[in-house]
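Q: One structure follows; several queries about it will come next.
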Amino acid sequence: MEPWMNHADVWRALDALAAENGLSASGLARKAGLDATAFNPSKRTGPDGRERWPSTESVNKVLTATGAGWAEFAALITGVPAMLKGGRAAIGRRVPLIGLAQAGGEGFFDDGGYPVGGGWDEIALPEIGDPNAYALEISGESMEPVFRDGDMVIVSPAAPVRRGDRVVVRTRKGEVMAKELKRQSARRIDLRSLNPAHPDYAFDLSDITWMHRIVWASQ
2 MEPWMNHADV WRALDALAAE NGLSASGLAR KAGLDATAFN PSKRTGPDGR
52 ERWPSTESVN KVLTATGAGW AEFAALITGV PAMLKGGRAA IGRRVPLIGL
102 AQAGGEGFFD DGGYPVGGGW DEIALPEIGD PNAYALEISG ESMEPVFRDG
152 DMVIVSPAAP VRRGDRVVVR TRKGEVMAKE LKRQSARRID LRSLNPAHPD
202 YAFDLSDITW MHRIVWASQ
């Protein structure tokens with residue numbers, strides 16, 4: 002039986018937590034009151050080349066500094082439901098699935114952003130309350146370390162969207178992107194890229210066709 006997590010998953014979760022807070026790994030360490038090199042790549046393996054775990058104490062300091070909980074950290078490691086019926090991962094109906102790279106094409110969504118047409122595959126994933134929910138398969142590295150190539154996310158058109166939520170946005174030019182909602186005013190939205198190496202975006206609301214919240218990730 003395989004372990005529920007490995008070294009790479011835990012370090013990736015720390016990198017993801019740093020990215021969510023707009024920090025580098027070094028910045029996250031400093032924010033937690035640790036040595037700035039605590040999470041450097043050189044500290045992730047021992048002198049003998051064996052992989053090392055971050056200490057429980059250092060992870061606890063990071064969670065305290067960022068306001069995250071252990072359950073949230075576990076979600077970053079393994080991927081857990083964010084909006085499920087009954088609070089558990091019940092396998093329910095099948096939901097439509099396409100690749101994120103395909104989603105900008107014509108014929109997959111109606112004007113309200115609901116999935117339509119015959120070009121969708123289907124996948125059985127945990128049930129959520131939104132009958133119009135759909136799944137996207139992430140491609141490329143533009144959303145690392147939060148989402149990796151091959152991860153699947155469930156998107157809910159009905160879920161309320163608040164600052165800090167991860168969202169899928171479609172522009173009037175047909176671009177579809179997964180970002181974090183940084184802020185929204187009466188006229189504009191600012192989006193933060195999940196990968197710190199990629200730029201953030203700002204749009205007039207008139208340039209946005211729809212914005213839906215990501216409520217679950219397979220990871």
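Counted from 1, the sequence shown has number 157 at position 156 by this note's numbering; the numbering is strictly sequential. Using N, Cα and C, we set each Cβ at its ideal position, and we do this for glycine too. Note that the structure is predicted; figures quoted are calculated from it, not measured.
Mind reading off the beta-carbon distance from L192 to Y202? Whole number of angstroms is fine, and I expect it under 8 Å.
A: Here the question's residue 192 lines up with position 191 in the sequence shown. Here the question's residue 202 lines up with position 201 in the sequence shown. About 5 Å separates the two Cβ atoms, so the contact holds.
Q: For E107, count neighbouring C-beta atoms within 10 Å of its own C-beta (all shown protein chains included) and say buried if the count is 16 or more, exposed if not.
A: The residue labelled residue 107 in the question sits at position 106 within the sequence shown. It counts as exposed.
Q: In whole angstroms, what separates the C-alpha of F148 from that of D10?
A: For the purposes of this step, residue 148 is taken as residue 147 along the sequence shown, with counting starting at 1. For the purposes of this step, residue 10 is taken as residue 9 along the sequence shown, with counting starting at 1. Those two C-alpha atoms are separated by around 12 Å.
Q: For the beta strand (DSSP E) containing M143, name the first residue and the last one.
A: Reading the sequence shown from its first residue, position 142 is the one you call residue 143. Reading off the sequence, residue 143 comes out as Ser, not Met. Element bounds for S143: n/a, residue is neither H nor E.
Q: Which residues mark the beginning and the end of the alpha helix (DSSP H) in which R31 is found?
A: In the sequence shown, counting from the first residue as 1, residue 31 sits at position 30. That run of the alpha helix (DSSP H) goes A26 to K32.
Q: Thinking C-alpha only, which one of I78, L101 and Y115 is nearest S143?
A: Working through the sequence shown from its first residue, we reach residue 143 at position 142. Checking every option, the nearest Cα to that of S143 belongs to L101.
Q: What are the partner residues of A179, as DSSP defines its beta bridges?
A: Indexing the sequence shown from 1 puts residue 179 at position 178. In the DSSP output, where bridge partners are listed per residue, A179 has V169.
Q: How close, in whole Å, do the beta carbons of S157 and V216 come, if the pair is a contact with beta carbons under 8 Å?
A: Taking the first residue of the sequence shown as position 1, residue 157 is located at position 156. Taking the first residue of the sequence shown as position 1, residue 216 is located at position 215. With a Cβ gap of about 5 Å, S157 and V216 count as contacting.
Q: On the three-state DSSP scale, how would you describe A102?
A: As a position in the sequence shown, residue 102 is number 101, starting the count at 1. A102: coil per DSSP, three-state reduction.
Q: Buried or exposed, going by whether 16 or more other CB atoms sit within 10 Å of the CB of K180?
A: Translated into the one-based positions of the sequence shown, residue 180 becomes position 179. So K180 ends up on the buried side.
Q: Measure the alpha-carbon distance for E58 versus L35 and round it to whole angstroms.
A: For the purposes of this step, residue 58 is identified with residue 57 of the sequence shown, where counting begins at 1. For the purposes of this step, residue 35 is identified with residue 34 of the sequence shown, where counting begins at 1. The alpha-carbon atoms of E58 and L35 are separated by roughly 10 Å.
Q: Considering only DSSP beta bridges, list what W71 is partnered with.
A: Your numbering for residue 71 matches position 70 in the sequence shown. Note: W71 sits in no beta bridge, so no partner.
Q: Could you name the residues that DSSP lists as bridge partners for I215?
A: By one-based count along the sequence shown, residue 215 stands at place 214. Answer is V156, bridged to I215.
Q: Using 8 Å for Cβ pairs, my map puts W71 next to L77. What's the rounded Cβ distance?
A: Against the sequence shown, residue 71 aligns to sequence position 70. Against the sequence shown, residue 77 aligns to sequence position 76. So it is not a contact: roughly 11 Å between Cβ atoms.
Q: What residue range is occupied by the uninterrupted beta strand (DSSP E) comprising D191?
A: As a position in the sequence shown, residue 191 is number 190, starting the count at 1. Residues R189 to R193.
Q: Do G120 and I139 have their C-beta atoms closer together than 8 Å?
A: To locate residue 120, count along the sequence shown from 1; it is residue 119. To locate residue 139, count along the sequence shown from 1; it is residue 138. No, Cβ-Cβ distance for G120 and I139 is not below 8 Å.
Q: Assuming G175 and G105 form a contact by the criterion Cβ under 8 Å, report the distance between their Cβ atoms to the nearest whole angstrom.
A: Walking along the sequence shown from the start, residue 175 turns up at place 174. Walking along the sequence shown from the start, residue 105 turns up at place 104. Between G105 and G175 the Cβ distance is about 5 Å, and since that is below 8 Å, they are a contact.
Q: Buried or exposed for E145, please, with buried defined as at least 16 other CB atoms from any protein chain shown within 10 angstroms of its CB.
A: Translated into the one-based positions of the sequence shown, residue 145 becomes position 144. The residue is buried, with at least 16 neighbouring Cβ atoms inside 10 Å.
Q: Measure the alpha-carbon distance for L137 versus R167 and round it to whole angstroms.
A: Translated into positions along the sequence shown, residue 137 becomes position 136. Translated into positions along the sequence shown, residue 167 becomes position 166. Distance between the alpha carbons of L137 and R167 is about 13 Å.
Q: Which same chain residues end up closer than 7 Å to A69 when comparing Cβ atoms and leaving out the 5 residues on each side of it in sequence?
A: Reading the sequence shown from its first residue, position 68 is the one you call residue 69. For A69, where only same-chain residues beyond five positions count, the Cβ hits under 7 Å are L18.
Q: Taking the Cβ atom as the reference point for each residue, do F40 and L24 lie within a distance shorter than 8 Å?
A: Position 39 of the sequence shown, counted from the first residue, corresponds to residue 40. Position 23 of the sequence shown, counted from the first residue, corresponds to residue 24. Result no, Cβ atoms of F40 and L24 do not sit closer than 8 Å.
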